[in-house]
Each structure stands twice: as structure tokens, then as C-alpha cells.
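Peer 1:
Protein chains: 2
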Amino acid sequence: MAKDYSALLNDEGLAVKGVNAEEKYDGAIIRVYREEVELPDGKHAHWDVVRHLGAVCVVPIDEDGNVILVRQYRYPAGRVMLEIPAGKLESKDDDRLLRAKKELKEETGATCEEMICLGDIYTTPAYVDERITMYLAKGLTFGDTHLDDGEFLTSLRMPLEDAVRLVCDGKIEDAKTQAALLRVWVMKLEGRL
Amino acid sequence: MAKDYSALLNDEGLAVKGVNAEEKYDGAIIRVYREEVELPDGKHAHWDVVRHLGAVCVVPIDEDGNVILVRQYRYPAGRVMLEIPAGKLESKDDDRLLRAKKELKEETGATCEEMICLGDIYTTPAYVDERITMYLAKGLTFGDTHLDDGEFLTSLRMPLEDAVRLVCDGKIEDAKTQAALLRVWVMKLEGRL
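These protein sequence lines map, in sequence, to chains A and B.
Its first residue numbered 767, the first sequence is counted upward by one per residue in this note's numbering.
Its first residue numbered 767, the second sequence is counted upward by one per residue in this note's numbering.
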């Protein structure tokens, strides 16, 4: 039986408590706070916290074992990146599975027969609360794309193995794309894809 | 020979140009801007951009094949997370390799004989410019830890395979930790660790 590591996720002795939150910026997709917190030793500190609704991303695999990727200019990085299809939630109670299906359709034109949840990532949990739920989509059928206003991207297919090689060679640098592609690759190597 | 995908990373037709940046918050570890940009169709839009110095993270593997992890409370997520050792740069020209060695020592007490670069991730490139360089550390020797002031964490060892299982079971949710552990696991499965 696998060892039980659940005690490692216990907060005891490490928890940090929020004391006060001062809003510094209310933007289009983020809110930024300077928060006063109480550390485990009782001392107080001030931390930057970025709050975001969260997002979803999808690894779409076609019947030939290709993955569908999108090319999109990422302004903060200053260049085009290869990523899996993804999109942010539109409200706090947005349904993540439905949002994933919608983003897949909008960005690649694909609908899927099966959407398997691969769990979540926190993109950079030291100062951002964004949680992205990852999915694997199988049984793809392709139709038209419907990009959001102001969204510019193109989609393409390549063998999953080639995409994993681009991750390992440093050509795919987006964190969610690396994590999700490697997860699916490990599933394939273990015969579970 | 592997197919050449380099043309996919060409910006042509997708580039977004910065027109104006209005600083909204100058925090302890981030600066936040509302930026006016010119889209590929010539239209203008306003985007939130968070700027951060960047960071490093390390997958430390001991001679028995264990990985060293740290437990740390992540305030934006509201709970303790299991992560690989990591730390942010302290200046724009901070040396990433030296910073990685320093963080490894501070958080786990380990020094290493070999530090292998695994490339970079952008944590969430739609609105944050943070780039984290990932390393694999081998040939570990353990001494004292030296945590930063206000830093509370504990370190532990477990077999790499168990850590990968925790990733796949959704118990390790930090993006850099997922990406780096899965990378090292694929290296191991391919006989390159």
C-alpha cells in the first residue's frame, strides 16, 4: 500500500492569518491587495496578493495521438508562445468543465466526447491565488473556431511526443502547458492514455 | 531527424505592441501596470500586467533517489503546500544558478556537486512576466538550514516516485513543482537521471 502523506498537508504551526487587506488596484482581470498578515511566530508582515478568478486548460488529443496547441502572443513575456487551449473563468461560480469545453471549441474548433479532469495547479501561489483546472479531451470532432473579441491565436496539431520534446528542449515555457503535457505523457508511458 | 518547429515561435501577425504603461501599484515583490497595447489588427486595448523579478527552483535528488521537498503555507491559496525549494531573485542581474544554490542551502541545508538546468517556465504569462528557472541538484551533502526572516517552512525527503504520485493525485498543486518533478520523472523513465 502507498505511504500516507496526508499529514504533510496539515497547516499546524505554519498557518498565516490575514489581518487586514488594502485594495491597491481593481483591474480588468485581477485585483491587487497589500495585506497585513500574522505569521506563525505572532509577528506581523505586509504581503502583496493578486486575486484572479481562476482558469481552465485542456490537452486535446486526437485519434492519431496528436495534441492540439495554440500559438498566442504573450505580452508580459514579449513573444509568441505555444500553449494548450485555455481560458479564464468569467465569474466566481463559472462551471470549470463547461468553461473548458467552451474554450476548446472557441480556440480550436473542437468538441470532444470525453473530458477527463487532471486536477489543479496554482500558477504562483506565493502571491497569486489563480487556480487552473487541467483537462484531457479525447474523441475530438472539428468545426469552426470562435475567438473572443481582441483574441488573436492560431491552432495546430503535432504528435504528443514532439510537444513533450519541445517542453524538454525549452521551446514550450508556459507553466500550465508544461505541467499538463508532461502529465499526459506520463499517463501514456504508463499505458493509461 | 526531429521536425523543426521553430517557425511556430515566430511573432509575425500575432505581436502585440506596448503603447503606454500606467503604474498602479509598486509593491514589495511586484509592480502592477495598466498597459495600453496595440493588437495585431491595429486596435488598442488595456491590459493588466504584473511585473516580478523572476525566481529559481530546484529538484534536489539524494543518492537514494529521494527528492527533498518543503512544506510552506501559501497565503493566497489558504493552505500548506508541498513544493520543491525555490526563491525569488533579489535584483534584475541576480545570478540564477547562484541563487538556486543559495535557496537550496537556506531551505534544506543541502549543498550539491552538480546543478543541471532544466529550462524556464512562465508562471502565468497572460498577465505576469515572472520567469522561473528550474534546476536539478545531485550529489547532495546536508548541513544547517538558514531561513530568511519571516520565512516558515520545514523540509522532508520522499522517494521521487511517491512525489510524482502526489502530483498525479492532486496533492501537489504548485505549478513549478508539478512541471519540474514531472520533467525529472520523464528523465528517469528515459534512463537520463
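Beta carbons: idealized from backbone N, C-alpha and C, even for Gly.
Look at the Cβ atom of residue 884 of chain A, then the Cβ atom of residue 900 of chain A, and state whether they are nearer than 8 Å.
Peer 2: Contact flag set, yes.
Peer 1: Could you check where the beta strand (DSSP E) with residue 803 of chain A kicks off and where it finishes?
Peer 2: Note, residue 803 of chain A: beta strand (DSSP E), 797-804.
Peer 1: Taking DSSP as the reference, what is the three-state secondary structure of residue 921 of chain A?
Peer 2: Looking at residue 921 of chain A - three-state DSSP - the assignment turns out to be strand.
Peer 1: Run through the segment 891-954 of chain B for me and flag every whole alpha helix (DSSP H) of 4 or more residues, listed as ranges in chain order.
Peer 2: Whole alpha helix (DSSP H) segments, 4+ residues: 926-934.
Peer 1: Tell me whether residue 958 of chain B sits in a helix, a strand or coil according to DSSP, three-state version.
Peer 2: Correct three-state label for residue 958 of chain B: coil.
Peer 1: Between which residues of its own chain and residue 836 of chain A is the CB-CB distance below 6 Å, once the five residues before and five after are set aside?
Peer 2: Within the same chain, residue 836 of chain A has close Cβ partners 849, 851, 873, 919, 921.
Peer 1: Consult DSSP for residue 889 of chain A and reduce its assignment to one of helix, strand or coil.
Peer 2: Residue 889 of chain A: coil per DSSP, three-state reduction.
Peer 1: For my contact list, residue 896 of chain A and residue 907 of chain B are in at a C-beta cut-off of 8 Å; report their separation, rounded to the angstrom.
Peer 2: Residue 896 of chain A to residue 907 of chain B, Cβ: 37 Å. No contact.
Peer 1: Check whether the segment 778-788 of chain B and the segment 779-795 of chain A are in contact - that is, three or more C-beta pairs closer than 8 Å.
Peer 2: Counting Cβ pairs under 8 Å, fewer than three are found: no touch.
Peer 1: Does the beta carbon of residue 901 of chain A come closer than 8 Å to any beta carbon on chain B?
Peer 2: Not one chain B Cβ lies under 8 Å of residue 901 of chain A.
Peer 1: I'd like to know if the segment 822-837 of chain A and the segment 789-803 of chain B are in contact, where contact means that at least 3 CB-CB pairs between them fall below 8 Å.
Peer 2: As far as the Cβ criterion goes, the segment 822-837 of chain A does not touch the segment 789-803 of chain B, which means the pair count is below three.
Peer 1: I want to see whether chain B comes within less than 8 Å of residue 832 of chain A, judged by CB atoms only; does it?
Peer 2: Taking Cβ atoms only, chain B never reaches closer than 8 Å to residue 832 of chain A, which makes this a no.
Peer 1: Identify the contact partners of residue 955 of chain A in chain B, using a Cβ-Cβ distance below 7 Å as the criterion.
Peer 2: The contacting residues are 955.
Peer 1: Under 8 Å, do residue 880 of chain A and residue 854 of chain A count as touching if we go by C-beta distance?
Peer 2: Against a cut-off of 8 Å, the Cβ pair of residue 854 of chain A and residue 880 of chain A comes out as no contact.
Peer 1: Under 8 Å by Cβ, that's how I've got residue 711 of chain A and residue 936 of chain B pegged, so tell me the actual separation to the nearest angstrom.
Peer 2: Chain A is shown only over 767 to 959; residue 711 of chain A falls outside these bounds and no answer can be derived.
Peer 1: Closest by CA to residue 815 of chain A, which one among A/789, A/827, A/939, A/809?
Peer 2: With distances taken between Cα atoms, residue 815 of chain A lies closest to A/789.
Peer 1: If you draw a straight line from the C-alpha of residue 871 of chain B to the C-alpha of residue 959 of chain A, how long is it?
Peer 2: Rounded to whole angstroms, residue 871 of chain B to residue 959 of chain A spans 39 Å at the Cα level.
Peer 1: If you follow the beta strand (DSSP E) that residue 783 of chain B is in, where does it begin and where does it stop?
Peer 2: First-last of the beta strand (DSSP E) with residue 783 of chain B: 783-792.
Peer 1: Using DSSP with H/G/I as helix, E/B as strand and the rest coil, what is residue 876 of chain A?
Peer 2: Here residue 876 of chain A sits in strand by DSSP.
Peer 1: How close, in whole Å, do the beta carbons of residue 949 of chain A and residue 948 of chain B come, if the pair is a contact with beta carbons under 8 Å?
Peer 2: Right, the Cβ-Cβ distance comes to about 6 Å (below 8 Å), so this counts as a contact.
Peer 1: When the Cα atoms are used, what is the spatial distance from residue 804 of chain A to residue 955 of chain A?
Peer 2: Each residue's alpha carbon lies about 45 Å from the other.
Peer 1: Under 8 Å between C-beta atoms, does residue 804 of chain B make it to chain A?
Peer 2: False, the Cβ-Cβ gap to chain A never drops below 8 Å.
Peer 1: Could you work out which residues of chain A lie near residue 769 of chain B, taking near to mean beta carbons separated by less than 7 Å?
Peer 2: Going along chain A in sequence order, the residues near residue 769 of chain B (Cβ under 7 Å) are 928.
Peer 1: Looking at residue 953 of chain A: is its Cβ nearer than 8 Å to the Cβ of residue 832 of chain A?
Peer 2: The answer is no: Cβ separation not under 8 Å.
Peer 1: Please list the partners that residue 812 of chain A has in chain B, where partner means a Cβ-to-Cβ separation under 8 Å.
Peer 2: Those within 8 Å of residue 812 of chain A in chain B are 794.
Peer 1: Should residue 773 of chain A be labelled buried (16 or more other beta-carbon atoms within 10 Å of its own) or exposed?
Peer 2: That one is exposed.
Peer 1: Do residue 775 of chain A and residue 846 of chain B count as a contact pair if the criterion is CB distance below 8 Å?
Peer 2: A contact, by the Cβ cut-off of 8 Å.
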